[in-house]
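*Asks:*
Protein chains in written order, with our numbering: chain A, 1 to 112; chain B, 113 to 225.
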């Protein structure tokens, strides 16, 4: 277990509501990532962070924002959730950018 | 965005058999990674490869970094029921590219007794 906790593990919400997912790590790794996993698309990067308050966009960042105020926490926010954002969201961490990423157990998000 | 092509998409094998799967890309990678994902869990790193031609083992698993740097192979010897899951490859083109890790489409492995 890579010391990554995602919360909540499951969430059902309605279109238009704000949603925040949390990723907490105990490894003190510099890099943190948010992915979504959808059938037929595999894992796609949403946003990543390379340090406290340092973030950048990934492949599918539209409709998502992130924040990292502490090394151990990386938050993913859907400001106004849409049904197309129904997915399984994974957080990952890595000590250095070129080192392998380790994943949390995911959050299953359903938007009705 | 680019996706890596993994084959086969799924496999149904008997316990004790050896398994081979591969991953190909149109781009060159500096790093190849292999992950396994069980239902309801996140991907778990199995093997990391950093050099063209490298052959690395982890127990019954062996993976190779292709000479062309555009492909990688994973072999599982003497499969057991707990090998069931989805296997993903991932490639990173060069260092300093946190946004460029690309994942394969996955190979679903099912093992019968």
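All C-beta atoms in this analysis are idealised placements derived from N, C-alpha and C, irrespective of residue type, glycine included.
Name the DSSP beta bridge partners of residue 117/B, please?
*Replies:* Along the second chain, read from residue 1 onward, the residue named residue 117/B stands at position 5. 136/B, per the DSSP bridge assignment.
*Asks:* Specify the secondary structure class of residue 83/A as computed by DSSP and reduced to three states.
*Replies:* Working through the first chain from its first residue, we reach residue 83/A at position 83. Helix, per DSSP.
*Asks:* Please list the residues of the segment 72-99 of chain A that have a C-beta atom closer than 7 Å to any C-beta atom in chain B, keeping them in chain order.
*Replies:* Hits within the stretch, in order: 90, 97 and 98.
*Asks:* Grouping DSSP H, G and I as helix and E and B as strand, with all else coil, what is residue 103/B?
*Replies:* Chain B is shown only over 113 to 225; residue 103/B falls outside these bounds and no answer can be derived.
*Asks:* Along the chain, where does the beta strand (DSSP E) containing residue 36/A start, and where does it finish?
*Replies:* In the first chain, counting from the first residue as 1, residue 36/A sits at position 36. Segment 31-38, the beta strand (DSSP E) holding residue 36/A.
*Asks:* Cβ of residue 25/A less than 8 Å from any chain B Cβ?
*Replies:* Mapped onto the first chain, residue 25/A falls at position 25. Chain B, which has no Cβ nearer than 8 Å to the Cβ of residue 25/A, makes this no.
*Asks:* So, under 8 Å CB-CB, residue 63/A and residue 78/A are touching, yes? Tell me the CB distance rounded to an integer number of Å.
*Replies:* If you number the first chain from 1, residue 63/A lands on position 63. If you number the first chain from 1, residue 78/A lands on position 78. The pair is a contact, with the Cβ atoms about 6 Å apart (cut-off 8 Å).
*Asks:* What are the residues in the segment 149-164 of chain B lying within 8 Å of chain A by C-beta distance?
*Replies:* Answer in chain order: 152, 153, 154, 155, 156, 157 and 160.
*Asks:* Short check: CB of residue 216/B to CB of residue 200/B, under 8 Å?
*Replies:* Indexing the second chain from 1 puts residue 216/B at position 104. Indexing the second chain from 1 puts residue 200/B at position 88. In this structure, residue 200/B lies closer than 8 Å to residue 216/B by Cβ.
*Asks:* Less than 8 Å separating the beta-carbons of residue 103/A and residue 23/A?
*Replies:* One-based indexing of the first chain puts residue 103/A at position 103. One-based indexing of the first chain puts residue 23/A at position 23. Going by C-beta atoms, residue 103/A is not nearer than 8 Å to residue 23/A.
*Asks:* When you check each C-beta in the segment 4-16 of chain A against every C-beta of chain B, which residues fall closer than 7 Å?
*Replies:* Residues: none.
*Asks:* How many angstroms separate the CA atom of residue 121/B from the CA atom of residue 33/A?
*Replies:* Position 9 of the second chain, counted from the start, is the residue given in the question as residue 121/B. Position 33 of the first chain, counted from the start, is the residue given in the question as residue 33/A. Answer to the nearest angstrom: the Cα atoms are 26 Å apart.
*Asks:* Give the interface partners of residue 204/B over in chain A, defined as CB-CB distance under 8 Å, in chain order.
*Replies:* Stepping through the second chain from its first residue, residue 204/B is reached at position 92. Chain A residues near residue 204/B: 98.
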